[in-house]
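Protein chains: 2
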Amino acid sequence: MEKEKTQEKRQPKYSRKSPSERREILVQAALNCIVRDGPHKLSIRQIAQEAGVSVGLINHHYTSKEELVADAYRHIAASLMDDFGQRIKMEGGTAQEQLLRFIQLSFSPVNLDPKLFRAWLAFWTMMQHSEEVSAVHAEQYDSYRSRLEHLFQEIIEAGTPLRMSPRLAALGLSGLLDGLWLEWSLDPTNFTEEEGIEICRNWLEMIKK
Amino acid sequence: MEKEKTQEKRQPKYSRKSPSERREILVQAALNCIVRDGPHKLSIRQIAQEAGVSVGLINHHYTSKEELVADAYRHIAASLMDDFGQRIKMEGGTAQEQLLRFIQLSFSPVNLDPKLFRAWLAFWTMMQHSEEVSAVHAEQYDSYRSRLEHLFQEIIEAGTPLRMSPRLAALGLSGLLDGLWLEWSLDPTNFTEEEGIEICRNWLEMIKK
DNA sequence: TTTCTTGTTGAACAGTTGTACAGCAAGAGA
DNA sequence: TCTCTTGCTGTACAACTGTTCAACAAGAAA
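Protein sequence lines, in the order shown, are assigned to chains A and B.
Position 109 of the first sequence, counting from 1, maps to 109 under the UniProt record's numbering, and the rest follow consecutively.
Position 148 of the second sequence, counting from 1, maps to 148 under the UniProt record's numbering, and the rest follow consecutively.
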């Protein structure tokens, strides 16, 4: 009896974290859940279990489930873009080479992952009825596309005229990348990664005047 | 009292339909619900209310909600493709002209509709955990892409060589169309219909050798 | 008119959901 | 050691989910 009480005292049932630490843990747990089970199984209780905390904690740190998901969206989208950005800039090269590397990365297992698609499905669904999530999307997508646009601008400035404006070239490539990513995610047997890269590589070649 | 009873007799509470008629009504109601409220509000009770029937009826005609949704998916996807097909063939013309018309139709209000996107979001979500819905997708997407592929094949046979195989050309165009449709649906302020058409029209021009 | 088939009802069931909140307890500061 | 702040727990709640099924009744057939 005495012994048990002592053990309990020495092994706290839980450890207190600072709000930012706890939010980080909750965001990671939410991402794990979305990625594992998809949007329709995403519940406060699932997330709480994944994070190893009680149900109540989530509404202590976030006013609603949507707020947490929006935070998770921002987190994964930004870290993916950062990852892409770093890998591309690390190896340097011309704008043309960087775009090619961007395409190759888009068709690498990091990005071509059914789990990742499930996460985006959840975000798109929540965008339909959450201003918060919509704002995060607009913010992330803008940065994504302006990055592409800037690279096409560089190509033109380097002396290679294009058949269309950098804006349309970027819109086209992002559409192509997203569309092929979508179709591959819905059914990976549709085409291979190599075919995907081949199609996008052609876009890069063909838009040169 | 006597009068009331007579009225009740003459105005039945409901009318009995043949299974096929009722299924048609249920499918339409399900589509209305998906399109109006999106995937996360799609429930048996909502569909039943929309169809003006009781909750129990749905499980009388379908063994599960998923079966009904799969039926609804097949219905809307097939009718959209039929609509496209008819409009394209009606005006005839070369394969090149038909493809251009396909692109224009893709960026017309019929297809560029946030409501339609909500429906597809629901289907994609259900594909993640329903063999039934997945099968319908595979079936519909195959017919969609093979239609495009066939038109590119015609172009080649008409004497215009392409920079890539009909398969890759079709994959590319469908990726482009789907990707731009996706991005427009997520945020219609991204680009205009004209810009979308312009991008796809360029694909048609550029792939010629 | 009566019978009979079967499409239809609506309550009941056993779950699930997000959120609120009274109270517990971790662990820093005194 | 004790106090006190506040991160955290877990129950309670009201509303919802898909599915089942005994009972009802529409309307064709006899």
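C-beta atoms are modelled at their ideal positions from N, C-alpha and C, and glycine is treated no differently.
Using DSSP with H/G/I as helix, E/B as strand and the rest coil, what is residue i?
{"i": "residue 105 (chain B)", "result": "helix"}
{"i": "residue 168 (chain B)", "result": "helix"}
{"i": "residue 162 (chain A)", "result": "strand"}
{"i": "residue 13 (chain A)", "result": "coil"}
{"i": "residue 208 (chain A)", "result": "strand"}
{"i": "residue 188 (chain A)", "result": "coil"}
{"i": "residue 110 (chain A)", "result": "coil"}
{"i": "residue 43 (chain A)", "result": "coil"}
{"i": "residue 129 (chain B)", "result": "coil"}
{"i": "residue 196 (chain B)", "result": "helix"}
{"i": "residue 62 (chain A)", "result": "coil"}
{"i": "residue 53 (chain B)", "result": "coil"}
{"i": "residue 93 (chain B)", "result": "coil"}
Rounded to whole angstroms, what is the Cα-Cα separation between residue i and residue j?
{"i": "residue 179 (chain B)", "j": "residue 47 (chain A)", "result": "31 angstroms"}
{"i": "residue 90 (chain A)", "j": "residue 141 (chain A)", "result": "22 angstroms"}
{"i": "residue 40 (chain B)", "j": "residue 155 (chain B)", "result": "43 angstroms"}
{"i": "residue 132 (chain A)", "j": "residue 70 (chain A)", "result": "6 angstroms"}
{"i": "residue 24 (chain A)", "j": "residue 73 (chain A)", "result": "13 angstroms"}
{"i": "residue 166 (chain B)", "j": "residue 160 (chain B)", "result": "12 angstroms"}
{"i": "residue 53 (chain A)", "j": "residue 30 (chain A)", "result": "12 angstroms"}
{"i": "residue 181 (chain B)", "j": "residue 110 (chain B)", "result": "12 angstroms"}
{"i": "residue 186 (chain A)", "j": "residue 64 (chain B)", "result": "22 angstroms"}
{"i": "residue 98 (chain A)", "j": "residue 83 (chain A)", "result": "14 angstroms"}
{"i": "residue 19 (chain A)", "j": "residue 57 (chain A)", "result": "11 angstroms"}
{"i": "residue 138 (chain A)", "j": "residue 184 (chain B)", "result": "12 angstroms"}
{"i": "residue 190 (chain A)", "j": "residue 50 (chain B)", "result": "36 angstroms"}
{"i": "residue 192 (chain B)", "j": "residue 12 (chain A)", "result": "59 angstroms"}
{"i": "residue 164 (chain A)", "j": "residue 59 (chain B)", "result": "54 angstroms"}
If you measure from the beta carbon of residue i to each beta carbon in chain A, is any gap under 9 angstroms?
{"i": "residue 73 (chain B)", "result": "no"}
{"i": "residue 39 (chain B)", "result": "yes"}
{"i": "residue 128 (chain B)", "result": "yes"}
{"i": "residue 199 (chain B)", "result": "yes"}
{"i": "residue 81 (chain B)", "result": "no"}
{"i": "residue 174 (chain B)", "result": "yes"}
{"i": "residue 62 (chain B)", "result": "no"}
{"i": "residue 59 (chain B)", "result": "no"}
{"i": "residue 202 (chain B)", "result": "yes"}
{"i": "residue 77 (chain B)", "result": "no"}
{"i": "residue 137 (chain B)", "result": "yes"}
{"i": "residue 24 (chain B)", "result": "no"}
{"i": "residue 34 (chain B)", "result": "no"}
{"i": "residue 160 (chain B)", "result": "no"}
{"i": "residue 99 (chain B)", "result": "no"}
{"i": "residue 179 (chain B)", "result": "yes"}
{"i": "residue 168 (chain B)", "result": "yes"}
{"i": "residue 186 (chain B)", "result": "yes"}
Residues in its own chain within less than 8 angstroms of residue i by CB, not counting five upstream and five downstream?
{"i": "residue 145 (chain A)", "result": "170, 171, 174"}
{"i": "residue 115 (chain B)", "result": "35, 36"}
{"i": "residue 45 (chain B)", "result": "55"}
{"i": "residue 135 (chain B)", "result": "70"}
{"i": "residue 85 (chain A)", "result": "147"}
{"i": "residue 176 (chain A)", "result": "199, 200, 203"}
{"i": "residue 88 (chain A)", "result": "98, 101, 102, 105"}
{"i": "residue 17 (chain B)", "result": "25"}
For a cutoff of 9 angstroms on Cβ pairs, would you count residue i as touching chain B?
{"i": "residue 111 (chain A)", "result": "no"}
{"i": "residue 164 (chain A)", "result": "yes"}
{"i": "residue 190 (chain A)", "result": "yes"}
{"i": "residue 134 (chain A)", "result": "yes"}
{"i": "residue 2 (chain A)", "result": "Low per-residue confidence applies at residue 2 (chain A): pLDDT is 37, beneath 50, and the placement is therefore not dependable enough to give any value."}
{"i": "residue 94 (chain A)", "result": "no"}
{"i": "residue 183 (chain A)", "result": "yes"}
{"i": "residue 118 (chain A)", "result": "yes"}
{"i": "residue 141 (chain A)", "result": "yes"}
{"i": "residue 121 (chain A)", "result": "yes"}
{"i": "residue 195 (chain A)", "result": "yes"}
{"i": "residue 207 (chain A)", "result": "yes"}
{"i": "residue 105 (chain A)", "result": "no"}
{"i": "residue 171 (chain A)", "result": "yes"}
Spatial neighbours of residue i within its chain, please: C-beta separation below 6 angstroms, excluding the five flanking residues on both sides.
{"i": "residue 121 (chain A)", "result": "39"}
{"i": "residue 130 (chain A)", "result": "66"}
{"i": "residue 75 (chain B)", "result": "27"}
{"i": "residue 126 (chain B)", "result": "69, 133"}
So residue i packs on residue j, CB below 8 angstroms; how close in whole Å?
{"i": "residue 207 (chain B)", "j": "residue 162 (chain B)", "result": "5 angstroms"}
{"i": "residue 118 (chain B)", "j": "residue 128 (chain A)", "result": "6 angstroms"}
{"i": "residue 96 (chain A)", "j": "residue 204 (chain A)", "result": "7 angstroms"}
{"i": "residue 143 (chain B)", "j": "residue 81 (chain B)", "result": "6 angstroms"}
Could you tell me if the beta carbon of residue i falls within a distance shorter than 8 angstroms of some heavy atom in the ligand GDP?
{"i": "residue 110 (chain B)", "result": "The ligand content of the structure shown is nil, which means the ligand GDP is not present either."}
Going along the chain, which residues of its own chain have a beta-carbon closer than 7 angstroms to the beta-carbon of residue i, five neighbours each way excluded?
{"i": "residue 153 (chain B)", "result": "166"}
{"i": "residue 22 (chain A)", "result": "61"}
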